[in-house]
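Chains as they are written, first to last, in this note's numbering: chain U, 1 to 276; chain Z, 277 to 392.
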């Protein structure tokens with residue numbers, strides 16, 4: 001063995017021994033603190049919501065019902081079992097006005113073109129929709145002054161022993177997006193072998209968009225403590241007939257963890273790689 | 277004779293510092309091993325102690341910092357977790373396992389900072 005070979009083998013042994021990593025996958029549970037300090041509250045009141053969009057779902061009632069049931073199982077706060085307030089009417093009465101409904105026509109149908117290859121959406125479709133009385137997202141903004149009315153919320157709070165009040169706006173509307181979509185198609189070559197090839201095709205898709213704004217109010221002072229806004233959408237093949245209520249629950253399901261994370265601690269489960 | 281001299285020279289010039297370094301590394305590795313064993317049993321506080329010790333013994337030992345990042349993340353100490361992961365990545369920028377841990381951590385951390 002030459003001197004060079006001896007040194008080379010020594011270096012090689014040194015290098016190999018220094019480079020070996022052993023990996024261990026380990027489950028982790030990352031704790032997240034609540035976004036809002038609710039330690040000063042014992043009770044929570046889901047007051048009601050100013051709602052707009054489709055009338056196929058009573059978003060005020062359904063949201064209040066869903067949040068109450070979720071809070072009962074996922075929060076330490078006592079959920080007050082009270083009638084849901086028709087906040088839209090209250091807001092109109094308080095302001096002494098009737099805000100324009102369906103003025104913008106934004107909810108009637110929203111068509112979005114996926115990409116440049118798409119043919120233009122038929123404008124006649126938009127015109128074909130009957131004029132409705134549904135409130136658009138823009139219309140809802142006109143009603144938001146009720147959330148700043150501290151005396152109204154303080155008065156409501158007094159009725160229920162100063163709870164944390166949850167209110168806000170909910171906009172749930174039909175949504176349409178047409179364009180080119182990729183899907184896989186089975187093809188057989190001349191030898192009868194099966195292959196899967198990507199095919200792009202024009203597809204009409206319909207669904208719903210849900211945009212809630214949750215406002216948390218201190219029932220003792222009437223002051224807004226925290227606001228959080230979401231926007232979720234879901235699309236189906238236009239031939240598929242999915243009930244509005246089912247889409248509503250599917251969309252609410254996505255944002256419930258965030259809502260609950262405002263009031264109580266949550267944890268995110270995952271795995272990480274420990275290295276030796 | 278020449279070979280002996282060369283080997284001796286190698287030992288003095290390369291192997292001796294490596295051996296000293298290896299000594300620190302093996303001590304750090306022992307702490308890391310123990311940390312892994314206790315973390316697998318859910319004893320994260322002890323694991324943090326071991327991995328901190330390992331990072332003190334050998335500050336260039338990336339696995340100690342990576343594991344420390346995981347432990348801090350599991351405790352909800354996001355700032356400390358970020359520092360530990362970033363130190364690990366500074367030491368081993370091409371380590372895909374550390375990068376993956378860091379990416380997953382950042383996903384949660386970004387959500388927390390945007391929400392709160």
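Idealized CB from N, CA, C, for every residue including glycine.
Keep in mind the model is a prediction, meaning the values are calculated, not measured.
- Beta-carbon of residue 280 of chain Z versus every beta-carbon of chain U: anything under 7 Å? no
- Comparing the C-beta of residue 131 of chain U with each C-beta of chain Z, is any distance below 7 Å? Only weak support is given to the placement of residue 131 of chain U: the predicted model assigns it a pLDDT of 44, under 50, and the value that follows is read from those uncertain coordinates. So no, residue 131 of chain U is outside the interface.
- Item | Residues bridged to residue 213 of chain U (per DSSP) | Residue pairing from DSSP places residue 213 of chain U in a beta bridge opposite U:169 and U:229.
- Under 9 Å Cβ-Cβ, which residues of chain Z neighbour residue 215 of chain U? Within chain Z, no residue comes near residue 215 of chain U; the closest Cβ sits about 16 Å away, beyond 9 Å.
- Item | Given residue 40 of chain U as reference, the closest of U:69, U:71 and U:76 once Cα atoms are compared | U:76
- Test item: CB-CB of residue 360 of chain Z and residue 374 of chain Z under 7 Å: no
- Three-state secondary structure (DSSP) of residue 339 of chain Z: helix
- Completely contained alpha helix (DSSP H) runs for the region 317 to 369 of chain Z, where each covers 4 or more residues: 320 to 333, 338 to 351 and 354 to 367
- Task: Classify residue 311 of chain Z as buried or exposed, calling it buried when 16 or more other Cβ atoms lie within 10 Å of its own Cβ.
- Result: buried
- Query: Would a check of beta-carbon distances place residue 384 of chain Z closer than 7 Å to chain U?
  - Reply: Chain U, which has a Cβ nearer than 7 Å to the Cβ of residue 384 of chain Z, makes this yes.
- Can you tell me which of Z:367, Z:337 and Z:313 puts its alpha carbon nearest to the alpha carbon of residue 395 of chain Z? Not covered by the structure: residue 395 of chain Z. The range shown for chain Z is 277 to 392.
- Message: I'd like the span of the beta strand (DSSP E) that includes residue 142 of chain U, first residue to last.
- Response: Neither: residue 142 of chain U is in no beta strand (DSSP E) and is coded neither H nor E.
- Query: In this structure, does DSSP put residue 257 of chain U in helix, strand or coil?
  - Reply: Residue 257 of chain U: helix per DSSP, three-state reduction.
- Query: For a contact meaning CB atoms closer than 8 Å, what does residue 319 of chain Z contact in chain U?
  - Reply: The premise fails here: residue 319 of chain Z is roughly 12 Å from chain U at the closest Cβ pair, so nothing lies under 8 Å.
- State the DSSP-derived secondary structure class of residue 381 of chain Z, mapped to helix, strand or coil. helix
- Message: When you compare the CB of residue 308 of chain Z with every CB in chain U, is at least one pair closer than 7 Å?
- Response: yes
- Secondary structure of residue 299 of chain Z, DSSP reduced to three states: helix
- What do you get for residue 318 of chain Z, buried or exposed, if any count of 16 or more other CB atoms within 10 angstroms of its CB means buried? exposed
- Query: Which one of Z:367, Z:354 and Z:366 has the shortest CA to CA distance from residue 381 of chain Z?
  - Reply: Z:354
- Query: DSSP beta-bridge partners for residue 181 of chain U?
  - Reply: U:201
- Report the three-state DSSP secondary structure of residue 315 of chain Z (helix, strand or coil). helix
- Query: How would you list, in chain order, the residues of chain U whose beta-carbon sits under 7 Å from the beta-carbon of residue 373 of chain Z?
  - Reply: Chain order gives the chain U residues near residue 373 of chain Z as 23, 273 and 275, where near means a beta carbon separation below 7 Å.
- Message: Suppose contacts are defined by Cβ-Cβ distances below 7 Å. Is residue 205 of chain U in contact with residue 231 of chain U by that definition?
- Response: Not a contact, by the Cβ cut-off of 7 Å.
- Query: Which residues bound the beta strand (DSSP E) around residue 43 of chain U?
  - Reply: 43 to 53
- Residue range of the alpha helix (DSSP H) that includes residue 69 of chain U: 59 to 74
- Run the CB neighbour count on residue 136 of chain U, radius 10 Å, all protein chains shown included, and call it buried at 16 or more, exposed below. buried
- If we cut at 7 Å on Cβ distances, does residue 269 of chain U have a partner in chain Z? no
- Item | First through last residue of the alpha helix (DSSP H) which encompasses residue 157 of chain U | 150 to 159
- Message: Is residue 369 of chain Z close to chain U? Criterion is C-beta to C-beta, closer than 7 Å.
- Response: no
- Task: Quick one: residues in its chain with C-beta nearer than 8 Å to the C-beta of residue 27 of chain U, no 5 flanking neighbours on either side, listed in chain order?
- Result: 269, 270 and 271
- Message: Less than 7 Å between CB atoms is the rule here; does residue 346 of chain Z satisfy it with respect to chain U?
- Response: yes
- Message: If you measure between the beta carbons of residue 214 of chain U and residue 233 of chain U, is that distance less than 7 Å?
- Response: no
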